[in-house]
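Numbering (this note's numbering), first residue to last: 126 to 406.
A virtual CB, placed ideally from N, CA and C, is assigned to each residue, including glycine.
In this text, all values refer to a predicted model and were calculated from it rather than measured experimentally.
All remarks here apply to the structure that follows.
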């Protein structure tokens, strides 16, 4: 069983970097929870986190938690500041061979998911890298004080891409079962409501709950398997009370009762559909 320790930086009374109406502590917790959810879809992996809520955890305590738990890999997630742009990663300035070997796998996996400047694979004597007893990496995911970077960090779908990159890299490093060579697990679906991603879920109940909350107000809802790439064409949303359900691009039925829409969604998910599109007609 592989043990992965995720460390969203800052928290509580320590907001981390601040800019453009955003706080680092909130962004990195969001990313960290997404990475956890993606990793937990793999077989043979356990995930622990330094924090799962907005609380302060001392730097040394973060390392102690990971050391005492017996983690195999420590991933500290941060957002940068200081006027730059793009993504960079850090290992310790006196790294182990595993750290040297692992860094390009996770760094490149993240870069493959986001179209931003690559600031490089670096090393630094950061406390969480120095005090952890297992291979460790610290990622700096864009600059909160850069307006263009901040706009991306405000986009839920971009944060999901960052999380997918982290999860893919970890899956590559440890050859996690059912990861498809680093691709995210096939049972995870994005829920996109009127063009905005609301979340990504591996549990069918969570998917249907998310869709249920959007029915009645949304014009269109897409439930798309993470990692799939489709070019299905759909009609624009109408203004009626009926929703047309499409499965993998094909119309399956139109329903006025929301429960019937959810039943059709569940049937498609159970059949391992890649994409379910629900549009108001």
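Count the other CB atoms, across all protein chains shown, that sit within 10 Å of the CB of residue 382; report buried if there are 16 or more and exposed otherwise. Classified as exposed, residue 382 has fewer than 16 neighbouring CB atoms from the shown chains inside 10 Å of its CB.
Three-way DSSP call (helix, strand, coil) for residue 210 in this model: Coil.
Got a sec? Which residues, its chain only, sit under 6 Å from residue 257 by beta carbon, not counting five neighbours each side? Spatial neighbours of residue 257 in its own chain (CB-CB distance under 6 Å, excluding positions within 5 residues in sequence) are listed in chain order as 188, 191, 199.
Return helix, strand or coil for residue 174, following the three-state DSSP convention. The answer is strand: DSSP assigns residue 174 an E or B state.
Helix, strand or coil: how does DSSP classify residue 182 here? Annotated three-state conformation of residue 182 is coil, per DSSP.
Flag this pair as touching only if the segment 168-178 and the segment 130-148 have three or more C-beta atom pairs under 8 Å; answer yes or no. Contact between the segment 168-178 and the segment 130-148 is present: three or more C-beta pairs spanning the two stretches fall below 8 Å.
Consult DSSP for residue 201 and reduce its assignment to one of helix, strand or coil. Taken through DSSP and simplified to helix, strand or coil, residue 201 comes out as strand.
Going straight from the alpha carbon of residue 222 to that of residue 248, what length do you get? Rounded to the nearest angstrom, the two C-alpha atoms are 13 Å apart.
Ignore the nearest five residues each way along the sequence and tell me which others in residue 243's own chain have a CB closer than 7 Å to its CB. Around residue 243: 211, 212, 236.
Residue range of the alpha helix (DSSP H) that includes residue 294: Note, residue 294: alpha helix (DSSP H), 281-299.
In chain order, what residues of the same chain have a beta carbon less than 6 Å from the beta carbon of residue 265, not counting five sequence neighbours either side? Result list for residue 265: 203, 205, 213, in chain order.
Please work out which residues of its chain come closer than 7 Å, Cβ to Cβ, to residue 234, disregarding the five sequence neighbours upstream and downstream, and give them in chain order. Cβ within range, chain order: 290, 293, 294, 297, 307.
Touch test, the segment 313-331 against the segment 371-382, Cβ-Cβ under 8 Å, three pairs minimum: The segment 313-331, when compared against the segment 371-382, does not touch it at the 8 Å Cβ threshold.
Nearest candidate by alpha-carbon position, reference residue 339, set 323, 350, 329: Comparing Cα positions, the closest option is 323.
Nearest CA to the CA of residue 359: which residue from 366, 371, 367? Considering only 366, 371, 367, the residue with the shortest C-alpha distance to residue 359 is 371.
Per the DSSP calculation, residue 405 is bridged to which residue(s)? For residue 405, DSSP records a beta bridge to 368.
Are residue 201 and residue 267 close, meaning C-beta to C-beta below 7 Å? Residue 267 is positioned such that its CB atom lies no closer than 7 Å to that of residue 201.
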